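Chains as they are written, first to last, in our numbering: chain A, -12 to 472; chain B, 341 to 731. Here a beta-carbon is modelled for each residue, glycine too, at the ideal position from N, C-alpha and C. Quick caveat, the model's predicted, so the values are computed rather than measured.
Right, dumping it as structure tokens:
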């Protein structure tokens, strides 16, 4: 069977050790010994299929040989969502790229899963249309990939998560069958949203698109503390429905870090900030601006000049520029109730102070009551043991968020210790039922989404992290003692 | 205001700063053709990190070197890098590290040896540098290196490769038309050194820079015009660095010079025969992304009577590469061809009759691609197109 596949795929197949190595990681940097202790991220082979039929030829081979199948496209997450855990096959879906059909009258586009969000938008814009929502990693994140993970980003305030915008999905099921699913089919397409490609391989999606709005306007509010900005965000959500496209918060520490390298102007660099981006007709935007001005006045905030606000908007894909300040960052991303954000930020600052690190936070408000918040702190991956100890703070960030009714965003591999925090028991049982139903042999992206492997089981994982955390405290005390001397 | 300028602080430092986010991958022409992660900029940097941060010298394998050199230096990756890495500089320094370890490919070694010996990239003697000028009415005008305020740095490709010899002829004829007295360095013109930079031998460019600058000054040249974007970039960016001082004369790319001639009303259009052509313009990487010159060629095109400019889907800072840069043709001609084919496909979609560019290497690579693809499209340099109306 493998020989037949090799013949079909030709130069789109590899088992070269040199090539395979590049498929054993994503954005995260972790010591190789640690990864090897917990999983086998090195695939045995990589295929680059061009269509659903080719995918469906690989699946039966994987089933017969009991090989894990890991779908991969942008690989732009840090949680191992598209990294193998037990070798096997990587399906590199990047060649499944392009628009299959666009209908302006239906406001729908059928697109292949390896198309990036930036590529799709570049296709739509000259035709007068645009996507409803997109990730801040739009240059690399693919349509299929974002559907398979969270699907929250810019534009979600108005349009919700990506799953709400998808009207049909073509998938290759673990049985090898190619199916077209809808919101009402059996199974419905929703089963495949946010499940890390553990139920099948997505080979086409049909999405809702919308006409390019007549105009946009950008505002940047700054304040000395986050409370006023959070209130401003809530007031915007209440008073600007229909024109509110994006609300993005940066902590003062995050802005200061950027300012230290000239990556943000001096004004926003000294404050907490809130970007407010509106879209609609010019009249609507004028009305929106008047509403915003009254919010700013009432809350005693400051509105920066329009050029600075526009620059912040243009930098919306560039949060990673903070790595020019701190080349190595660890952190955690949480989906939090917006009401809890201020409390979270206060407690996070305390956590950072206790731990001797500066917490750099930014967040996207993705619905009227939810914020997707990323908290980062500097580390040094070159000092392997110290780095491992530093990872213990991620658990503390998550625990802090969970206490405030938040959940870690995305599961992948590295967040499997938190699955019981992310899903309630009924939901988790239902997810496992679906997995067993569609993938009884468990070949699709194993050890993701549902159940942690042994060493990541909550009790063992918590013990390990707490131990590392205690060692970390010793490091911190030692560093403080040196500083005082 | 914040700074969006790309930064390069050293190979190891930038390899650490790289977030491995992969934004560079969809825009990389090499990855687009080869499709493997190892061919993407983030893949190359991942292994560079192993080698230069984690000190795993074994990772500098033949396979990796091959991947490192399969880069056209187009800088598309630099345009999208959220961590602001000056990736072009990174790729050049990576090539230097490979050369310093004696691991450059034979093709590069030959290229370097040839330039140092012949002072040009061809196998021919530098004495034949002015062969292209024999087609001029007065071929002797450049044989004596006369003084003039305007100097034309012809470049190796235009000097030695008959396929693109029409380009320098057109440019000097246009200058003559504008009553500009122009001189060249004659057979004393040496390669600008760009291919040496691309091969990882920056130090070897010093002697070439010193020689060329000395000759320019001896001839009293105040404005130097280059037809080749890579020469232009080397003169503008590299020479002041390698010589440790600013140049004492101005350097223009031919498109800038032509745009000035038009703006100043120096060209007499009375005997110009309207062209009636729809053209599309290919931004050469070293002129566009690497030197920031997008408007001058478009200004020239818009002013040519009878020429209508239609843009390709990818233009200006998003322009696709032709595949001919970064010495890739020397190590992987098939890759260059595949990249060029993709650009031709896009040009054909505009339904233009002429694909205009402003680079001899682009002209050469894209012409071959049109022949290979039997595309109904003529490829020419902007100088050739302009001269056509007076021919």
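Own chain partners of residue 462 of chain A with C-beta closer than 8 Å, once the 5 adjacent residues on each side are dropped: 373, 376
Hey, how far is the Cα of residue 714 of chain B from the Cα of residue 506 of chain B? 22 Å
Cβ pair residue 365 of chain B, residue 381 of chain B closer than 8 Å: yes
So for residue 591 of chain B, helix, strand or coil by DSSP? strand
Whose C-beta lies closer than 6 Å to the C-beta of residue 15 of chain A among residues of the same chain, with five residues either side of it excluded? 65
Which residue comes first and which comes last in the beta strand (DSSP E) that contains residue 438 of chain B? Residue 438 of chain B -> not in any beta strand (DSSP E); alpha helix (DSSP H) instead, spanning 427 to 440.
Cβ contact (3+ pairs, closer than 8 Å) linking the segment 304 to 324 of chain A and the segment 254 to 270 of chain A: no
Residue 169 of chain A bridges to which residues according to DSSP? A:155
Which chain B residues are close to residue 140 of chain A, counting only those with a beta carbon under 9 Å from its beta carbon? Within 9 Å Cβ-Cβ: nothing; residue 140 of chain A doesn't reach chain B, min ~15 Å.
Using a Cβ-Cβ cut-off of less than 7 Å, give me the residues of the segment 88 to 120 of chain A that come near chain B, in sequence order. 103, 106
Does residue 244 of chain A get closer than 8 Å to chain B when you measure Cβ to Cβ? no
Selection of the segment 416 to 435 of chain B by Cβ proximity to chain A, strictly under 8 Å: 420, 422, 423, 424
So what does DSSP say about residue 148 of chain A, is it helix, strand or coil? coil
Let me check one thing: in DSSP terms, what residues is residue 431 of chain A bridge-paired to? A:56
Apart from the five residues on each side of it in sequence, which residues of its chain come closer than 7 Å, Cβ to Cβ, to residue 74 of chain A? 27, 29, 30, 31, 55
Determine the DSSP secondary structure at residue 143 of chain A, reduced to helix, strand or coil. helix
Do residue 50 of chain A and residue 71 of chain A have their beta-carbon atoms positioned less than 8 Å apart in this structure? no
Chain-ordered chain B contacts of residue 223 of chain A [CB-CB under 9 Å]: Those within 9 Å of residue 223 of chain A in chain B number zero; the least Cβ separation is about 24 Å.
Bounding residues of the alpha helix (DSSP H) (the contiguous stretch that carries residue 414 of chain A): 412 to 425
Are the beta-carbon atoms belonging to residue 107 of chain A and residue 130 of chain A less than 8 Å from one another? yes
Listed by chain order, chain C residues near residue 688 of chain B by CB distance under 8 Å: Absent from the structure is chain C; the protein chains it does hold are A and B.
Do you know offhand how far residue -2 of chain A's Cα is from residue 669 of chain B's? 21 Å
In angstroms, rounded to a whole number, what distance separates the CA positions of residue 567 of chain B and residue 618 of chain B? 23 Å
Residue interval of the beta strand (DSSP E) (run including residue 513 of chain A): Since the first and last residues shown for chain A are -12 and 472, residue 513 of chain A lies out of range.
Does the beta carbon of residue 234 of chain A sit closer than 8 Å to a beta carbon anywhere in chain B? no
Do the CB positions of residue 437 of chain A and residue 391 of chain A come within less than 8 Å of each other? no
Hey, does residue 671 of chain B have any beta-carbon neighbour from chain A nearer than 8 Å? no
On the DSSP bridge assignment, give the partners of residue 378 of chain B in chain order. Paired residues: none, contrary to the question.
Whole angstroms is fine: what's the gap from residue 83 of chain A's alpha carbon to residue 188 of chain A's? 12 Å
The segment 530 to 545 of chain B touching the segment 436 to 453 of chain B, judged by at least three CB pairs closer than 8 Å: yes
Rank B:511, B:346, B:651 by C-alpha distance to the C-alpha of residue 428 of chain B and give the top, closest one. B:346
Return no unless some Cβ of chain B is closer than 8 Å to the Cβ of residue 61 of chain A. yes
Between which two residues does the alpha helix (DSSP H) carrying residue 573 of chain B extend? 569 to 573
Mind pulling the chain B residues with CB within less than 8 Å of residue 240 of chain A? What residue 240 of chain A touches in chain B: nothing, since even the nearest Cβ is about 17 Å away.
Please identify the residue among A:370, A:388, A:367 whose C-alpha is closest to the C-alpha of residue 358 of chain A. A:388
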